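One line per chain: the protein sequences are A and B, in this order. Its first residue numbered 1, the first sequence is counted upward by one per residue in the working numbering. Its first residue numbered 210, the second sequence is counted upward by one per residue in the working numbering. Ideal Cβ positions, reconstructed from N, Cα and C, are used throughout, including at glycine. Values in this document were obtained by computation on a predicted structure and should not be read as measured data.
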Amino acid sequence: MAKFWKQFLSGIVITNPLFVLALGLCPALAVSVTVTNGIGMSLATAFVLLGSAIVVSSIKNFVPNIVRIPIFIVVIASFVTIADLTLKAFIPTLADSLGIFLPLIVVNCIIMGRAEAFGSKHPVHLAIADALGAAVGFAIAMIIISFLREVLGTGQLAFKVVPYFDIHLFTLPVLGTSPMALFILPPGAFLLIGLLLALFRRLGVLKSE
Amino acid sequence: MKDKLGQYYPILALTVVVFISVAVLSGMDSFTRDTIQYQKELKIQRMLNQLFPEMSAYDFDESTEIYTITADDTKIGYAFLGVGVGYGGNIDIVVGLENKTTLRGIAVIAHAETPGLGDKILLPDFTDKFVGLDISEVNLTRDGGKVDAITGATISSRAVVDGVRAAAMEKAKLIPD
């Protein structure tokens, strides 16, 4: 059990997929425009990470080494398709705003990376811990980035999941009328992620000392 | 088993995995297909409702791609999709006509314009200017029409105007008298 928690926590802090490993930057930059999108993307990624970790580590003894990559990709792609169809059927607004980046989770290197580097070599319960750690680490990073981008870039915070579930949390006094649109645009995402990466590096260095 | 099959084992393993995946996904597809179809129809209905709040039913003609809107069994208008080429890609617009010449209104349903500038094409301040216009008047004021361009977003404004006019001109001919 100690090993389980150690593996789980390592995914959040020491090997945080976004801030430390710098994996999965493409979906992070593209969809982190609103907190709703950030959470949606994190949940879809978490589902795929967890599902593929369980399957990959349970079938690892039957998988011949030379075709392991194609097999892992088929497993991952199946989970992505399940997530895609489910979102389209039950939360279509979110599926629309994630757009092409939902099916593109297939090529998110976090998932293939964790399956290949960890899931294929460890027992199921540790693979689950690793996947959960990476998923929570990714989610925390996504929420920080999308929160800063939505608040700075639009001056307000709102959750729009389905047309009838539309919560407007707050509008900032000055930013609300003249928001810094830069942060909604791709350069703002690069700036923010760069600064956050630097911050996490610094924290990591402090910790190791 | 691995040893008996030798060099064929990788082929067998991959085939089995793919078959299982296909089985799971086709099950998933038949489970969600109806709901996805229903969501699509709901989306169309909501979009048409924006332009025709009193709508009670609509009918879609596949050959002309025109939605005919009825309220209590009387025809009240027509709607169809238009596309404008904006600053950030295509802008999808639903156009409503009251008859062959008069616009009921427009609504932008998908776009990739710059947030804070071009995305003002979504606001009623802009879309309300189309209400009641004759198709021939759909142009920017500076180009001799009756729609004022959004300050700082001329390209996006012109894209919407051009998309609406092109679609309206084309589809108006197809509307039965």
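| query | Measuring CA to CA, which of Gly119(A), Thr86(A), His125(A) is closest to Pro103(A)? | reply | Here the question's residue 103(A) lines up with position 103 in the first sequence. Comparing Cα-Cα distances from Pro103(A) to each of Gly119(A), Thr86(A), His125(A), the minimum goes to Thr86(A).
| query | Is it the case that the Cβ atoms of Ser366(B) and Ala358(B) are separated by a distance below 8 Å? | reply | Start at 1 with the first residue of the second sequence, and residue 366(B) comes out as number 157. Start at 1 with the first residue of the second sequence, and residue 358(B) comes out as number 149. Closer than 8 Å, so yes.
| request: Taking C-beta pairs closer than 7 Å, name the residues in chain A that Asp238(B) reaches, listed in chain order. | output: Taking the first residue of the second sequence as 1, we reach residue 238(B) at position 29. Per Cβ cutoff of 7 Å: Leu85.
| At least one CB of chain B closer than 8 Å to the CB of Phe62(A): is that the case? | Residue 62(A) sits at position 62 when you count from the first residue of the first sequence. Between Phe62(A) and chain B, the shortest Cβ-Cβ separation is below 8 Å.
| task | Could you list which residues in chain A have their beta carbon closer than 7 Å to that of Pro219(B), in chain order? | result | Locating residue 219(B) in the second sequence gives position 10, where the first residue counts as 1. Those within 7 Å of Pro219(B) in chain A are Pro64, Ile66, Val67.
| field | Limits of the alpha helix (DSSP H) - the one that Ala239(A) falls within | value | As displayed, chain A neither begins before 1 nor continues past 209, which places residue 239(A) out of reach and without an answer.
| query | Is it a yes or a no for the stretch 376–385 of chain B touching the stretch 298–307 of chain B, going by three-plus beta-carbon pairs under 8 Å? | reply | yes
| field | Val56(A) to Val80(A) span [Cα, whole Å] | value | The count along the first sequence starts at 1 and reaches residue 56(A) at position 56. The count along the first sequence starts at 1 and reaches residue 80(A) at position 80. Their backbone Cα atoms lie some 14 Å apart in a straight line.
| request: Taking Gly211(A) as part of the alpha helix (DSSP H), name the residues at either end of that continuous run. | output: Residue numbering for chain A in the displayed model covers 1 to 209; residue 211(A) lies beyond these limits and cannot be assessed.
| request: Can you give me the Cβ contacts of Asp338(B) inside the same chain, cut-off strictly under 8 Å, excluding the 5 residues immediately before and after it? | output: Along the second sequence, read from residue 1 onward, the residue named residue 338(B) stands at position 129. For the record, residue 338(B) in the displayed sequence is Lys; it is not Asp. Excluding residues within five positions, the ones whose Cβ falls inside 8 Å are Lys355, Val356, Asp357.
| Neighbour flag for Lys284(B) against chain A, beta carbons, 8 Å | Here the question's residue 284(B) lines up with position 75 in the second sequence. No, no contact with chain A.
| said: Restricting to Cα atoms, I'd like to know which of Gly99(A), Arg68(A), Ile69(A) is closest to Ala83(A). | reply: Here the question's residue 83(A) lines up with position 83 in the first sequence. Of all alpha-carbon atoms in Gly99(A), Arg68(A), Ile69(A), the one lying nearest the alpha-carbon of Ala83(A) is that of Gly99(A).
| task | Would you tell me roughly how many angstroms separate the C-alpha atoms of His320(B) and Lys252(B), rounded to the nearest one? | result | In the second sequence, residue 320(B) corresponds to position 111, counting from 1. In the second sequence, residue 252(B) corresponds to position 43, counting from 1. About 16 Å.
| said: For Pro186(A) and Phe8(A), I'd like the C-alpha separation in whole angstroms. | reply: Working through the first sequence from its first residue, we reach residue 186(A) at position 186. Working through the first sequence from its first residue, we reach residue 8(A) at position 8. Going from the Cα of Pro186(A) to the Cα of Phe8(A) covers about 31 Å.
| task | Please list the partners that Ile82(A) has in chain B, where partner means a Cβ-to-Cβ separation under 8 Å. | result | Position 82 of the first sequence, counted from the first residue, corresponds to residue 82(A). Within chain B, the residues near Ile82(A) are Val233, Leu234, Met237.
| field | Test: Ala376(B) CB closer than 8 Å to a CB of chain A | value | By one-based count along the second sequence, residue 376(B) stands at place 167. False, the Cβ-Cβ gap to chain A never drops below 8 Å.
| message | Would Gln248(B) pass as an interface residue toward chain A - the criterion being a Cβ-Cβ separation below 8 Å? | response | To locate residue 248(B), count along the second sequence from 1; it is residue 39. Chain A contact via Cβ: present.
| query | Looking at C-alpha atoms only, which residue of Tyr287(B), Tyr296(B), Leu332(B) is the closest neighbour of Thr310(B)? | reply | The residue labelled residue 310(B) in the question sits at position 101 within the second sequence. Across the set Tyr287(B), Tyr296(B), Leu332(B), the C-alpha of Tyr287(B) shows the shortest separation from the C-alpha of Thr310(B).
| query | Quick one: is Thr244(B) near chain A, going by C-beta distance under 8 Å? | reply | The count along the second sequence starts at 1 and reaches residue 244(B) at position 35. True, the Cβ-Cβ gap to chain A drops below 8 Å.
| field | Extent of the continuous beta strand (DSSP E) to which Ile300(B) belongs | value | Translated into the one-based positions of the second sequence, residue 300(B) becomes position 91. That run of the beta strand (DSSP E) goes 298–306.
| field | Neighbour list for Lys252(B) in chain A, Cβ cutoff strictly below 8 Å | value | Position 43 of the second sequence, counted from the first residue, corresponds to residue 252(B). Under the 8 Å cutoff, chain A gives Pro92.
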